[in-house]
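The block underneath contains the structure these notes are about, expressed in structure tokens.
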Amino acid sequence: MKSIRLNRIILSIEDVNALEAFRRTGDERVLSRILTYSDGMYPFSDSLYICDTPEGCRKLIDKGFPVAALLHENNASASFDHVRYLLQDPEQISLEDYDHIFRRLSGLPIEILETKRLLLRETALSDLDSFYEMYEDPLISGFMEPLYPREEEEAYQINYIKNVYAFYGIGIWTVILKETGAVIGRIGIEYTDEAGCVELGFMISAKYRQKGYAYEACRAIVEYARQTEDISRIRARVREDNAASQNLCTKLDMVRGKELNDGLSEWTLDL
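Numbered according to numbering that gives the first Met the number 0, the sequence shown spans residues 0 to 270.
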């Protein structure tokens with residue numbers, strides 16, 4: 000997202016940063032350069048549109064633009080049922096939140112975590128080719144459930160993006176090597192039936208193993224979970240014959256617990 004467009008006012012990312020700085024400091028000098036005016040509605044495809052009329056929202060949506068509705072006392076009785084995101088106090092919304100709204104509406108993956116060497120982001124359909132290549136590895140196919148046939152897997156991922164990422168805010172993410180942009184694995188956390196508990200899952204492509212990537216990503220996820228208010232425990236289910244995963248759990252300070260069915264053992268970490 001490069002800008003936020005409000006009717007005829009375009010705010011660049013630098014403008015929004017300036018507004019946030021003004022809110023923090025009260026220094027009016029930071030406002031001196033912002034607000035660029037434009038006549039007419041131009042198709043800024045990399046912008047989030049914010050509109051306060053149902054008709055305007057519908058026109059923009061019909062044209063394929065990402066739109067959020069702005070609610071205020073003068074449109075309180077209007078119906079915005081066709082708009083996915085409704086904003087009541089936009090000044091309280093961070094730039095990151097605006098970017099997430101833009102990405103959700105545009106079908107773009109949200110970046111979750113960044114480490115020294117890795118980027119963890121939501122999965123995109125364009126990742127599937129890399130996933131199928133990874134799952135050809137006997138070490139992965141022997142420990143994990145296989146992917147569906149291509150058409151079914153695409154439908155599954157679309158549903159996962161819409162109903163897991165968007166609703167829970169967490170899930171199994173794609174691991175990107177920042178140096179090359181290559182998809183090198185899948186790692187993430189999902190809620191379980193146990194209150195406050197999430198399950199950790201991890202997988203790194205064969206040619207990228209023995210480089211510490213799994214630990215680097217999982218350590219970042221553990222710290223992320225610590226900062227998430229409703230998460231108090233992380234668990235992982237590991238095969239008894241999967242020494243590499245057991246070693247990783249040990250490095251993450253997880254404790255081996257009860258034995259489960261199918262040759263699995265449970266590892267936990269209380270946060």
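C-beta atoms are modelled at their ideal positions from N, C-alpha and C, and glycine is treated no differently.
Since the structure is predicted, the reported quantities are computational estimates derived from the model, not experimental observations.
- Item | Pairwise C-alpha distance: residue 86 and residue 271 | Look at the range of the chain in this structure, 0 to 270, and you will see that residue 271 is not part of it.
- Query: Hey, quick one: how far does the beta strand (DSSP E) through residue 197 stretch, first residue to last?
  - Reply: 196–203
- Message: As a quick exercise: from 74, 136, 173 and 189, pick the residue whose alpha carbon is nearest that of residue 162.
- Response: 189
- Message: Please state whether the Cβ-Cβ distance between residue 134 and residue 125 is less than 9 Å.
- Response: no
- Query: With 16 as the cutoff for other CB atoms within 10 Å, does residue 156 come out buried or exposed?
  - Reply: buried
- Task: Grab me the residues of residue 237's own chain with a C-beta within less than 7 Å of its C-beta, minus the 5 sequence neighbours each way, in chain order.
- Result: 244, 245, 248, 263, 264 and 266
- Item | Complete runs of the beta strand (DSSP E) confined to the segment 51–88 [at least 3 residues] | 66–69 and 84–86
- Task: Below 8 Å on the Cβ atoms is my guess for residue 102 versus residue 109; work out the distance and round it to an integer in Å.
- Result: 5 Å
- Query: Where does residue 242 land, buried or exposed, given buried means 16+ other C-beta within 10 angstroms?
  - Reply: exposed
- residue 65 burial status per 10 Å Cβ neighbour count (16 or more: buried): buried
- Message: Only counting the same chain, and skipping five residues up and downstream in sequence, which positions put a Cβ closer than 8 Å to that of residue 120?
- Response: 108, 109, 110, 111, 172, 173 and 175
- Which runs of the alpha helix (DSSP H) spanning at least 4 residues fall entirely within the segment 160–238, listed in chain order? 212–225
- Message: With a threshold of 6 Å on Cβ separation, who are the neighbours of residue 114 within its own chain once the five nearest residues in sequence on each side are excluded?
- Response: 215 and 219
- Item | C-alpha distance - residue 222 paired with residue 165, whole-angstrom precision | 21 Å
- alpha helix (DSSP H) segment containing residue 103, residue limits: 94–105
- Item | Candidates 74, 123, 69 and 224, of which the one nearest residue 197 by Cα | 224
- Message: Helix, strand or coil, according to DSSP, for residue 269 in the structure here?
- Response: strand
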